[in-house]
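Quick note on numbering: the sequence shown equals residues 73 to 449 in the numbering used here.
First the structure, in the form of structure tokens, and then the observations on it.
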Amino acid sequence: MKSPGAVVDLARELIRRPSVTPDDAGCQALIAARLRPAGFRIESHRFGDVDNLLALHGDQRPSLVFVGHTDVVPPGDESQWRHPPFAAVCEGDRLYGRGAADMKGAVAAMVVALEQFVDQHPDHRGCVALMLTSDEEGEAVDGIRRLMPAIAGKHQFDYAVVGEPSSHKNLADTVRIGRRGSLHVHVTVHGKQGHVAYPHLADNPIFSAARLITGLARTQWDQGNADFPPTSFQVSQISAGTGAANVIPGMAQFQGNFRYSPESTPASLQARFEVVAQATQVNITTDWQLSGEPFYASDKQWRNKISRVIQETTGHLPEMNTAGGTSDGRFLAPTGTQVVELGPVNATIHQTNEWVSQKDLGLLTRLYMAIMESVLC
Ligand SMILES: [Zn+2]
């Protein structure tokens, strides 16, 4: 059994490595050097400037992977910090440093929990794994997005726990069980330029755009489901005009964004968009961009397991929701993985004086350990 300080010690070692995206600064080498002697198979996948690490123990199903990142956002003006951002200073219960909460604390908890788990359950069933990247806070191009297709056919994960800071006030008060998808569309509405005094000789694209936008705003895309609100469509920008007061312009443009529930797909939204465009008789060209698929842990048993573990460990049932921004969970979910996000309190992430509770790191280690036991024992 590790000492209670093991997770804090490792978190401090990681914080002392100034791994601003995409520089891993030796964090993954340190972790590999701990997990290899514990019996894990280590795979390093470097794409461009980005280090990715996969550590695996066992090779059967069910498979459970912990997902995290070793990169951090820049500290900003270091003179504004109470303690230097990469010094990893402890003060009372607080461990200060860039990445303490997002997410080196959680990565340390994962590593220590994995070590304890394989030590106590060397003959566990299935497979337990750790997946790390150094490109989550940046463009996220050469990280998990590229790792997943690179390992397809070789590794398949049934369950994933992403250690992003999901908690609000107290550790594990909130678990993220999904995220809405995001689909952008850039619309060009074609008309015919002319003199405002001779509208019968022109075709005003601003009127056409207004008809189309009204039609889109009135459309009910889906009803959502128990875990997701209905899909929403918003217009974020609109532009048209030549600058002259007496000219009907030849075209208008606008940008829209769908935040969509899993009850819709990019293809279904696009098809219904076209139906509205035809019904409102507008001549348009569109440019679509999918920026993120929704992810959604639909497996109720898995969600109940997480709830139960949290209640047994903290005494409280978590709230499960689909709020929040992006995470690397979006790259695992399309392969059929049931993804949840469970990590430290997010109050100070990306801020000056980022900190994490040392007590919470101990608790988080126990939570991760208990999740492994519930799936693999
Ligand atoms: Zn993060």
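Backbone N, C-alpha and C define an ideal beta-carbon position, used for all residues, glycine too.
Spatially closest choice to residue i from the options, by CA coordinates
| i | options | result |
| --- | --- | --- |
| Gly415 | Ile278, Ala101, Asn242 | Asn242 |
| Phe229 | Ser379, Val139, Thr420 | Val139 |
| Gln295 | Ala185, Tyr332, Glu85 | Tyr332 |
| Ile278 | Gln306, Gly253, Ser311 | Ser311 |
| Arg84 | Leu136, Asp121, Thr142, Asn124 | Thr142 |
| Asp121 | Gly225, Leu136, Pro94 | Pro94 |
| Gln309 | Phe326, Gly315, Pro302, Asn318 | Phe326 |
| Glu187 | Gly328, Ala201, Thr409 | Ala201 |
| Gln469 | Val354, Gln361, Asn355 | Lying outside 73 to 449, the shown extent of the chain, residue 469 is not represented and no answer is given. |
| Gln411 | Trp374, Val447, Glu391 | The question names Gln, but residue 411 is Val in the sequence shown. Nearest of Trp374, Val447, Glu391 to Val411, Cα basis: Trp374. |
| Thr246 | Leu389, Thr409, Arg106, Ser399 | Leu389 |
| Glu391 | Val268, Thr286, Val447, Ser238 | Ser238 |
| Arg118 | Arg218, Asp359, Ser151, Arg89 | Arg218 |
Nearest-angstrom Cβ-Cβ length linking residue i and residue j, presumed shorter than 8 Å
| i | j | result |
| --- | --- | --- |
| Gly266 | Leu255 | Their Cβ separation, rounded to whole angstroms, is 34 Å, which puts Gly266 and Leu255 out of contact at 8 Å. |
| Gly235 | Ala185 | Not quite, the Cβ-Cβ distance comes to about 10 Å (not below 8 Å), so this is no contact. |
| Pro147 | Pro134 | Contact flag wrong, Cβ pair sits at about 40 Å. |
| Leu284 | Val257 | Actually they do not touch by this definition, with Cβ atoms about 11 Å apart. |
| Lys431 | Asp165 | 6 Å |
| Ile223 | Leu136 | About 15 Å separates the two Cβ atoms, so there is no contact after all. |
| Ala172 | Ile87 | 6 Å |
| Tyr168 | Trp427 | 5 Å |
| Thr394 | Arg290 | Their Cβ separation, rounded to whole angstroms, is 25 Å, which puts Thr394 and Arg290 out of contact at 8 Å. |
| Glu209 | Val144 | 7 Å |
DSSP three-state assignment for residue i, whether helix, strand or coil
| i | result |
| --- | --- |
| Glu346 | helix |
| Arg251 | strand |
| Tyr168 | strand |
| Gly287 | helix |
| Arg84 | helix |
| Gln201 | The amino acid occupying residue 201 in the given sequence is Ala; Gln does not appear at that position. It is a strand residue. |
| Gln361 | strand |
| Val190 | helix |
Any chain C beta carbon closer than 8 Å to residue i
| i | result |
| --- | --- |
| Asp432 | In summary, chain C is missing from the structure at hand, where a single protein chain is found. |
Report task. Would you check if there are 3 or more beta carbon pairs closer than 8 Å linking the segment 196-203 to the segment 126-133? Result -> Output reads yes: the segment 126-133 touches the segment 196-203.
Report task. Decide if the segment 401-413 is in contact with the segment 334-343; the criterion is three or more beta carbon pairs, one per stretch, under 8 Å apart. Result -> At 8 Å Cβ cutoff, the stretches do not touch.
Query raised in the report: Contact between the segment 381-399 and the segment 348-355: three or more CB pairs below 8 Å?
Result: Because the criterion of three Cβ pairs below 8 Å is not met, the segment 381-399 and the segment 348-355 do not touch.
Query raised in the report: Touch check for the segment 433-443 and the segment 279-293: three-plus C-beta pairs under 8 Å?
Result: These segments do not touch.
Query - Contact set, ligand 1 heavy atom to C-beta under 6 Å - result: Those residues having their beta-carbon less than 6 Å away from any non-hydrogen atom of ligand 1 are, in chain order, His141, Asp174, Met175, Glu208, Glu236.
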